[in-house]
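Q:
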Amino acid sequence: MPVTLTIRDETMTGEVYHEMPLEFPSEQVTVRELIRSRVYEEVQNFNRQSDADTFQGLVQPTDTEKVLNGKRNSYKLQKHRQLDWKEQFEKATEAFDRNGFFILVGDRQAESLEEVVTIRPETNVSFVKLTMLVGG
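Count along the sequence shown from 1, add 13, and you get the number used in this note's numbering.
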């Protein structure tokens with residue numbers, strides 16, 4: 014039976030700045046599947062917009078610039094093109110492995126891509142992206 018989970022993007026201080034519902038075929042999913050579903054939806058949403066030049070997503074696509082004055086996790090393309098969700102997924106799993114972001118399931122940090130998450134109505138999943146400090 015399909016289940017829906019709303020994932021959140023949060024700052025290090027716990028401020029939620031983006032939410033997205035994702036549907037899964039069962040209650041048991043791996044962290045890898047969470048990331049894959051999220052990235053797939055982000056890329057599909059962007060690719061459906063024929064004139065969009067700003068991608069909002071977990072990881073930065075190739076040949077884009079980070080938008081500094083705007084939504085978090087936004088990247089400007091030189092010109093609109095279709096993004097490849099598999100390429101974005103590979104970048105996202107690499108970023109997870111090197112601690113570019115972490116995932117909180119409830120109040121516990123997910124430690125591996127193969128870790129299993131059980132989705133229940135009360136399950137909270139948050140993606141927290143680490144940012145580099147300037148001049149520090």
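Every residue, glycine too, gets a C-beta built ideally from N, C-alpha and C.
#1: Could you have a look at lysine 99 and say whether DSSP puts it in helix, strand or coil?
#2: Which same chain residues, not among the five before or five after aspartate 64, have their C-beta less than 7 Å away from its C-beta?
#3: For the alpha helix (DSSP H) that contains isoleucine 116, what are its first and last residues?
#4: CA-CA distance, asparagine 60 and leucine 96?
#5: Rounded to a whole number of angstroms, what is the C-alpha to C-alpha distance between aspartate 66 and leucine 47?
#6: Is it buried or exposed, glycine 149, if we count other Cβ atoms within 10 angstroms and call 16 or more buried?
#7: Shortest alpha-carbon distance to lysine 154 belongs to which of Tyr53, Glu128, Ile132 and Glu23?
#8: Tell me which residues share the same chain as glycine 70 and place their Cβ nearer than 8 Å to its Cβ, disregarding the 5 neighbours each side in the sequence.
#9: Does glutamate 40 come within less than 8 Å of chain B when only Cβ atoms are used?
#10: Counting only the same chain and skipping the five closest in sequence on each side, list residues whose C-beta sits under 6 Å from that of valine 42.
A: In terms of the structure at hand:
#1: Translated into the one-based positions of the sequence shown, residue 99 becomes position 86. In the structure shown, the three-state DSSP call for lysine 99 is helix.
#2: Within the sequence shown, residue 64 is the residue found at index 51, counting from 1. Taken in chain order, the residues that qualify are His93.
#3: Translated into positions along the sequence shown, residue 116 becomes position 103. Here isoleucine 116 belongs to no alpha helix (DSSP H); instead the beta strand (DSSP E) covers 114 to 118.
#4: Residue mapping note: residue 60 aligns to position 47 of the sequence shown, counting from 1. Residue mapping note: residue 96 aligns to position 83 of the sequence shown, counting from 1. So the alpha carbons of these two residues sit roughly 7 Å apart.
#5: Locating residue 66 in the sequence shown gives position 53, counting from the first residue. Locating residue 47 in the sequence shown gives position 34, counting from the first residue. Going by the C-alpha atoms only, they are around 26 Å apart.
#6: In the sequence shown, counting from the first residue as 1, residue 149 sits at position 136. Reliability fails at glycine 149, whose pLDDT of 47 lies under 50, so the model's placement of it is uncertain and the value that follows must be treated cautiously. When all chains shown are included, glycine 149 counts as exposed.
#7: Because the chain is modelled from 14 through 149, residue 154 falls outside the range shown and cannot be assessed.
#8: The residue you call residue 70 lines up with position 57 of the sequence shown. If we look at glycine 70 and ignore the five residues flanking it on each side, its Cβ neighbours are Val52, Glu55, Val56, Phe59, Asn86, Tyr88 and Gln101.
#9: Among the chains in the structure shown there is no chain B, since it carries only a single protein chain.
#10: Position 29 of the sequence shown, counted from the start, is the residue given in the question as residue 42. Same-chain partners within the cutoff: Val130.
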